[in-house]
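Residue numbers (our numbering): 93 to 586.
Cβ coordinates follow ideal geometry from the N, Cα and C atoms, glycine included.
As the structure is a computational prediction, the values presented were derived from the model and not from experiment.
Working notes for the structure below.
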């Protein structure tokens, strides 16, 4: 390879197959010391598979891995860790039943003996403080009790901890997918500082702005191959989307909100406990309502309460101040915990939201279920050779598509979306945005919590949350990132 003399890590002609699917197709890849490489591509392009090979959690079927110029013949997770390679996976790998300190002990053999737990706690807390000031995490917190944003913070911080082994490369696979804009900014600033100190990073993100602002070099993957590699300054958003094979024409579908009559039927009403300008949340038929603010300030709790109220035809925790007037479906952002059924097929995961419609007599019709799944596979573009395959055979983004298919294929008139675009590529996002807008025109109502400020442009109105209360209501024409951030940090009595 032309970069071999300056590269610390090289992959040469690496292939990886999953049955008939060729996830990596003879890819060449290299990274230099003190370099941040941005890796982009649509879901299923092979990005996460490539990172699994680099981290030792996936074994290449063919090709060479060279680290420091030496070919690795028996590469593994342990070998990668010993060589200073860490990975923050898109699907978080922390043990939910252990504390933050206990999770830090995993992978650090040096943390042993008397008072190891105190040393582990000091190690992870120092790293959290450096990366995410004001994080609100305690070393004794059980990971399963943390919000997904705080779990992501712990996962990232743990990857940068060092004891007796070096730190040469940290792979960050969608590291900001559960973080709000403020916390994501903290992380990306830290990444630039570490790169300046000589540590290498690979940043995978579907937020192209993050890639353009943070990476030194950008590699674009498509169909298991690296189709472009160039300095980040030579790219702009349009070139990135075009190189990925993006759908720029779909952006036209996002222009302008869908006008609904002021007297359209009321679908959701929530009276907030706060005293800000937007204390009452209202969603009418055909509206797309955005929920914004810093992560963990009540947006997810509200969606879960509304979902429970719709399921049981009663008010949730918001009591008499909550009205839900139609069936609701939930699209979870934490798909591994709250979304997919990991032992089921793709078709089963889609059809479970429509069991009543799929019944034939007392039984579920396999034919109807397959027809429903096939229609949504085509409409939403789920990439699989067989809908009877296990849901885990799909890439993360395609699993998320299946969750959208489950919700939109049901009879729910209200769709609750809990930061649902985690790990979804830009082309797929545009397709889903257009699909949401089309469903809204048909009369469906959407409540959409997102940590990506750009996504709020798709909403008719946005409610900003702080400390469990609504502190601001912003119409689409007055929506700016600055206003969202200002409202997020303002006191509830503003």
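Beyond the five residues adjoining it in sequence on each side, residue 462 comes within less than 7 Å, by CB distance, of 439, 479 in the same chain, given in chain order. Between residue 270 and residue 543 the beta-carbon gap is near 7 Å, inside 8 Å, which marks them as a contact. Note on geometry: alpha-carbon atoms of residue 159 and residue 258 lie some 14 Å from one another. Between the segment 207-225 and the segment 176-187 there are fewer than three inter-stretch CB-CB distances shorter than 8 Å, so the stretches are not counted as touching.
A straight line joining the alpha-carbon of residue 148 with that of residue 316 spans about 18 Å.
Taking the Cβ atoms as the reference, residue 157 lies roughly 11 Å from residue 142, outside the contact range of under 8 Å. At least 8 Å separates the beta-carbon of residue 200 from that of residue 163.
Residue 299 sits in coil when the DSSP states are folded into three classes, being neither helix nor strand. Residues of the same chain with their beta carbon placed closer than 8 Å to that of residue 578 are lacking, with the five preceding and five following residues left out of the count. The criterion of a C-beta distance shorter than 8 Å is satisfied by residue 311 and residue 129. At least 8 Å separates the beta-carbon of residue 443 from that of residue 551. Between residue 336 and residue 138, the C-beta spacing is not below 8 Å. Under the criterion of beta carbons closer than 8 Å, residue 329 and residue 304 qualify as touching, at roughly 7 Å. In the assembly as shown, residue 468 is a buried residue. Its beta-carbon has 16 or more other beta-carbons within 10 Å. Between the alpha carbons of residue 264 and residue 457 lies a distance of about 43 Å.
Counting along the chain, the unbroken beta strand (DSSP E) around residue 540 starts and ends at 537-541. At a Cβ-Cβ threshold of 8 Å, residue 499 and residue 453 do not count as neighbours. The C-beta distance from residue 106 to residue 155 rounds to 3 Å, short enough to meet the 8 Å contact threshold. Taken in chain order, the complete beta strand (DSSP E) segments of 3 residues or longer contained in the segment 487-520 are 506-510. Along the length of the segment 254-278, whole beta strand (DSSP E) runs at least 3 residues long occupy 261-265, reported in chain order. Look at residue 552 here: in three-state DSSP terms it is coil, with no helix or strand label. Note: residue 130 is bridge-paired with 295, 310 in the DSSP secondary-structure output.
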